[in-house]
Amino acid sequence: MTIFLVYLCFTNIINSLKFLNKCYTNSEMVRKILRCLPKSWMPKVTAIEEAKDLNTLPLEGLLGSLMTHEMTIKNHEDDDEQDKKKKKVIAFKSSTVDSSEEESDDEMALITRRFKRFLAKKKFGSKNLKKSTPSKSKTKKEEIICFECNKSGHYKSECPRLKKAKETIKNKRAMLATWSDSDESSSEEEENQEVAQLALMAIDDLDEDEDENEVSELLELLEQFSLENASLKKTIKAINKENVSLKHEIECL
49 MTIFLVYLCF TNIINSLKFL NKCYTNSEMV RKILRCLPKS WMPKVTAIEE
99 AKDLNTLPLE GLLGSLMTHE MTIKNHEDDD EQDKKKKKVI AFKSSTVDSS
149 EEESDDEMAL ITRRFKRFLA KKKFGSKNLK KSTPSKSKTK KEEIICFECN
199 KSGHYKSECP RLKKAKETIK NKRAMLATWS DSDESSSEEE ENQEVAQLAL
249 MAIDDLDEDE DENEVSELLE LLEQFSLENA SLKKTIKAIN KENVSLKHEI
299 ECL
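Its first residue numbered 49, the sequence shown is counted upward by one per residue in this note's numbering.
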């Protein structure tokens, strides 16, 4: 109940008593109002009794002093409530930043795992990939299809048919030296075909080596990016905590 409502109730009682021929002086009404105040107002009551003369203190002056004190208390309570709300908001923002950073770290780790899994499926992996996932390379090798014989279990460069063809070509090239001059024209055509086949095989081997080198570089870049990203996340997290702490200090000033 506010001081204004207390005064209204007190006035109604005094007016009712007047009809019963019961009247009170100003000093009596001042003392009665001070006595009816709750215990939380005792410091203010004591201060008024020590600083003022209750025999000469006007009732209006007492009410003005009490209402001013009431407004001061209300302002302090409002400030305390706002401080509590600000602290809750700051704590919520801090927890939100931490959770978002953790989610971002989890997403980056998931992307890295998926990228490595993709490379393992494509079998373009480098030596680093083979070292890091030896069990996967053994199990996935059964799924490989050779582009030479269309059989599973090996690469084109490991194909027995292709190795046999290479050996045959080498043997034929060795036999070229023993062929007669009369077969020169036909041997030149066959030799050209053999050279073309050897060139194609060499190109295939080079392509595979280039793929492995490119994937190796990509994996190195990915690992480097992951490390840099983790370092940046830690830096951002530390800066956000420092920022929240500074905001709290500023608001407390």
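Each residue gets a CB set at the ideal place from its N, CA and C atoms; glycine is no exception.
Counting C-beta pairs closer than 8 Å gives three or more between the stretch 104-117 and the stretch 76-87, which meets the contact rule. With respect to residue 78, residue 53 sits apart: the two C-beta atoms are not nearer than 8 Å. Per the C-alpha coordinates, the member of 130, 279, 55 positioned closest to residue 110 is 55.
Distance between residue 122 and residue 71, taken at the CA atoms: about 34 Å. In this chain, the alpha helix (DSSP H) harbouring residue 80 covers 74-83.
Taking 8 Å as the upper bound for CB-CB distance, residue 69 and residue 106 are not in contact here, some 24 Å apart.
The C-beta of residue 61 has fewer than 16 other C-beta atoms within 10 Å across all chains shown, which makes the residue exposed. A direct Cα-to-Cα measurement between residue 280 and residue 297 gives close to 26 Å. Assigned with DSSP and collapsed to three states, residue 92 falls in helix. Pairing residue 284 with residue 270, the inter-Cα distance amounts to about 21 Å. Residue 289 has its alpha-carbon roughly 42 Å from the corresponding atom of residue 89. Assigned with DSSP and collapsed to three states, residue 101 falls in coil, not helix or strand. Excluding its 5 nearest sequence neighbours in each direction, residue 118 has C-beta neighbours in its own chain below 6 Å: 51, listed in chain order. In this structure, 59 is the residue among 59, 125, 92 with its C-alpha nearest to the C-alpha of residue 108.
Listed in chain order, the non-local C-beta contacts of residue 92 below 6 Å within the same chain comprise 117, local neighbours out to five positions each way being set aside. Residue environment: residue 96 is assigned as buried (16 or more neighbouring CB atoms within 10 Å of its CB, all protein chains considered).
The C-alpha of residue 198 lies about 12 Å from the C-alpha of residue 206.
Per the coordinates, the alpha-carbon of residue 277 lies some 51 Å from the alpha-carbon of residue 215.
When only Cα atoms are considered, residue 273 and residue 132 end up about 41 Å apart. Here residue 68 carries a coil assignment [DSSP, helix/strand/coil].
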